[in-house]
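Residue numbers for the sequence shown follow UniProt numbering, so the first one is 1 and each next one is one higher. Ideal placement from N, C-alpha and C gives every residue a C-beta, glycine not left out. Keep in mind it's a predicted model, so treat the numbers as computed, not measured.
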Amino acid sequence: MSNAPTSEVLLRQIERFQGRVLLAGLPADALLGDLPQARGWSWHAGDARQLEGRYPDRCHFGATPPEGPFDAAVLFLPKSRELTDYLLAALANCVPDGELYLVGEKRAGVERASKQLGEFGRASKLDSARHCQLWHTHIDGAPAAPDLHALAQRYELPLADGPLQVVTLPGVFSHGRLDRGSALLLEHLDKLPTGHLLDFGCGAGVLGATLKRRYPQSQLTLLDVDAFAVESSRLTLAANGLEGEVIAGDGIDAAPENLAAIVSNPPFHQGVHTSYAATEHLLRQSARHLASGGELRLVANSFLKYPPLIEQHLGPCRTLAEADGFRIYSARR
1 MSNAPTSEVL LRQIERFQGR VLLAGLPADA LLGDLPQARG WSWHAGDARQ LEGRYPDRCH
61 FGATPPEGPF DAAVLFLPKS RELTDYLLAA LANCVPDGEL YLVGEKRAGV ERASKQLGEF
121 GRASKLDSAR HCQLWHTHID GAPAAPDLHA LAQRYELPLA DGPLQVVTLP GVFSHGRLDR
181 GSALLLEHLD KLPTGHLLDF GCGAGVLGAT LKRRYPQSQL TLLDVDAFAV ESSRLTLAAN
241 GLEGEVIAGD GIDAAPENLA AIVSNPPFHQ GVHTSYAATE HLLRQSARHL ASGGELRLVA
301 NSFLKYPPLI EQHLGPCRTL AEADGFRIYS ARR
């Protein structure tokens, strides 16, 4: 298996990473095989599952780091600036009097993020190759561990049945605000089949919480690939006194079966790249997870050609609404 460019840049300095190293946000490649004493920390359920399958007991999944101590830590630059702040602080706490590294693609903004690294000590660039950069600083002492929940943003949504409290953590889609697609879908959640409902790609849990309030007798599951989204959804449900099962999983394959409805503002970003693979897989596989008569209802950018895919794999596709460059699609099994 070939390594990601960021991993290759690390391996050019392999002597630095021989000890107990924590690799945070690492790609699902062979890097752990090259660094036998290293440990992975991933908040992407798919990457974590792949790494755990290849390197058992060596990759931790979650929104907080594994127990240390570590001699050094490496952050593979995430997309969100606020998430980078949290992760650097968490890693600095994991390596008291140790080394902290930052690696990322130039086009993802690694040079800008090196200034965030510089808040923990003098940052220096060690290498530049494969369109990536590797930065380093030494951690003096043991900075306090950041309180993840204290970094949450809260806002209130005025809904017809009363205000809904939304709690979002750094790095979660639409952190601190409601996106236009979800806002449109929230207006079109009536007449769903009753039974087991799934909020697919739940993010901060806005759709799931709204569904549980509107259909209180229904069983609710919320699913996301991202550990920070899973934690945000749990916080949102708790803030509104609502119950639901929140699970981490990579795509619709991780979802329960025999669902009455799948409701989604599906994800289409993977790192700095745009990817529609998870949504297209959802459209192909949703029939396997829906009960007979079960409904798929989702919002999507109107330029995306989803109806033919929905009709091919599920059934006749109706457009329930269109506004602000988005459409609401519905199809029943």
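- Item | Terminal residues of the beta strand (DSSP E) in which residue 117 lies | For the purposes of this step, residue 117 is taken as residue 117 along the sequence shown, with counting starting at 1. Run containing residue 117: none in the beta strand (DSSP E); it sits in the alpha helix (DSSP H), 110 to 117.
- Query: When you compare each of 321, 2, 211, 166 to residue 235 by their alpha carbons, which one comes out closest?
  - Reply: Within the sequence shown, the letter at position 235 stands for residue 235. Distances from the CA of residue 235 to each of 321, 2, 211, 166 were compared; the closest alpha carbon is that of 166.
- Extent of the continuous alpha helix (DSSP H) to which residue 231 belongs: Start at 1 with the first residue of the sequence shown, and residue 231 comes out as number 231. From DSSP, the alpha helix (DSSP H) with residue 231 extends over 227 to 239.
- Query: From what residue to what residue does the alpha helix (DSSP H) around residue 244 run?
  - Reply: Along the sequence shown, read from residue 1 onward, the residue named residue 244 stands at position 244. Per DSSP, residue 244 belongs to no alpha helix (DSSP H) and is neither H nor E.
- Does the beta-carbon of residue 105 have 16 or more other beta-carbons within 10 angstroms, so that it is buried, or is it exposed? In the sequence shown, counting from the first residue as 1, residue 105 sits at position 105. Residue 105 comes out buried.
- Item | Nearest candidate by alpha-carbon position, reference residue 170, set 111, 24, 227 | Within the sequence shown, the letter at position 170 stands for residue 170. Its Cα nearest to that of residue 170, the residue 227 stands out among 111, 24, 227.
- Query: Since residue 19 and residue 72 are thought to touch, with beta carbons under 8 Å apart, how far apart are those beta carbons, to the nearest angstrom?
  - Reply: Looking up residue 19 in the sequence shown gives position 19. Looking up residue 72 in the sequence shown gives position 72. Their Cβ separation, rounded to whole angstroms, is 7 Å, which keeps residue 19 and residue 72 in contact under 8 Å.
- Task: Inspect the CB distances between the stretch 202 to 209 and the stretch 170 to 180 and report whether three or more fall short of 8 Å.
- Result: The stretch 202 to 209 is in contact with the stretch 170 to 180.
- Consult DSSP for residue 265 and reduce its assignment to one of helix, strand or coil. Counting from one through the sequence shown, the residue named residue 265 turns up at place 265. Shown here, residue 265 sits in coil according to DSSP, grouped into three states, outside any helix or strand.
- Query: Within the chosen definition, does the stretch 43 to 51 reach the stretch 100 to 115 through at least 3 CB pairs nearer than 8 Å?
  - Reply: The stretch 43 to 51, when compared against the stretch 100 to 115, does not touch it at the 8 Å Cβ threshold.
- Task: Would you mind reading off the limits of the beta strand (DSSP E) that contains residue 224?
- Result: Taking the sequence shown and counting its residues from 1, the one referred to as residue 224 is at position 224. From DSSP, the beta strand (DSSP E) with residue 224 extends over 219 to 224.
- Message: Extract the residue ranges of the alpha helix (DSSP H) inside the stretch 305 to 329, only unbroken runs of 4 or more that lie entirely within it.
- Response: If we require 4 residues or more, the alpha helix (DSSP H) runs fully inside the stretch 305 to 329 come out as 307 to 313.
- Query: Can you check whether the CB of residue 188 is closer than 7 Å to the CB of residue 328?
  - Reply: Walking along the sequence shown from the start, residue 328 turns up at place 328. Walking along the sequence shown from the start, residue 188 turns up at place 188. Between residue 328 and residue 188, the C-beta spacing is below 7 Å.
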